[in-house]
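The structure appears right after this line, and notes come after that.
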Ligand SMILES: CCC1=C(C)/C(=C/C2=NC(=C\c3[nH]c(/C=C4\NC(=O)[C@H](C)[C@H]4CC)c(C)c3CCC(=O)O)/C(CCC(=O)O)=C2C)NC1=O
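Listed below in structure tokens is the structure:
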């Protein structure tokens, strides 16, 4: 598992270079948003259950077929699996937010996920909608506590969205 600092050092070490101005600039960007990243992650921890439940209700309002007979989230077991997956995306998203790096998402969440979903018939498009709703909720809550510039919140969630929506070859 890597973070913004270890990834950078790893790249420089691979070619035996000292850190240069580009390296320092990229680290400055990370450290400048450091406290805000931790603040948002703390806010996510304190509101995780509410965020997952709220985003799931909104998703099921938007795509009601999911919880009707024949829908993938129909039956208590599958409904619970769906909410649990949303909770995974939120929790790992909060780790990646603090790490400033997607590696934890790639290693722990995204590897093999599309194949698993496809083999179980879990629809990807509404999963993408669910993650988008959570992202919007987090940005809204960040703005409530005065964090207006929250593009660093988009990054890990957009990465999951991109990787999930990627067209299979
Ligand atoms: C930490 C990394 C990690 C992830 C991401 C993960 C996902 C994951 N979701 C699964 C199932 C599932 N995922 C869903 C999710 C949904 N169905 C819908 O209609 C909605 C669109 C969506 C919720 C937003 C459902 C319903 C199942 C159960 C499918 C089934 O067994 O038929 C499964 C199959 C095994 C199981 O049921 O536990 C995995 C591995 N597991 C992991 O360890």
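Numbering (our numbering), first residue to last: 7 to 175. Positions of the beta carbon are idealized from the N, C-alpha and C atoms, including for glycine. Note that the structure is a prediction, hence the values are computed from the model and not measured.
| field | Given residue 100 as reference, the closest of 161, 33 and 68 once Cα atoms are compared | value | 161
| request: Quick one: residues in its chain with C-beta nearer than 6 Å to the C-beta of residue 174, no 5 flanking neighbours on either side, listed in chain order? | output: Residue confidence for residue 174 is low, a pLDDT of 45 falling below 50, so the modelled location carries little weight; the figure read from the coordinates is stated next. Counting only Cβ-Cβ distances below 6 Å, and skipping sequence neighbours, we find nothing.
| request: Inspect the CB distances between the stretch 80 to 97 and the stretch 47 to 67 and report whether three or more fall short of 8 Å. | output: yes
| field | Supposed close pair residue 136, residue 92 - CB separation, criterion 8 Å | value | 6 Å
| request: Excluding the 5 residues preceding and the 5 following residue 79 in the sequence, name in chain order all residues of the same chain whose CB lies nearer than 7 Å to its CB. | output: 72, 73, 85 and 88
| query | Quick one, are the C-beta atoms of residue 143 and residue 95 less than 8 Å apart? | reply | no
| Is the closest heavy atom of ligand 1 to the C-beta of residue 75 under 7 Å? | no
| field | residue 77 versus residue 131 - alpha carbon distance | value | 13 Å
| request: Identify which residue in 172, 134, 150 and 146 has its Cα closest to the Cα of residue 163. | output: 134
| query | Using a threshold of 7 Å, is the CB atom of residue 110 nearer than that to any non-hydrogen atom of ligand 1? | reply | no
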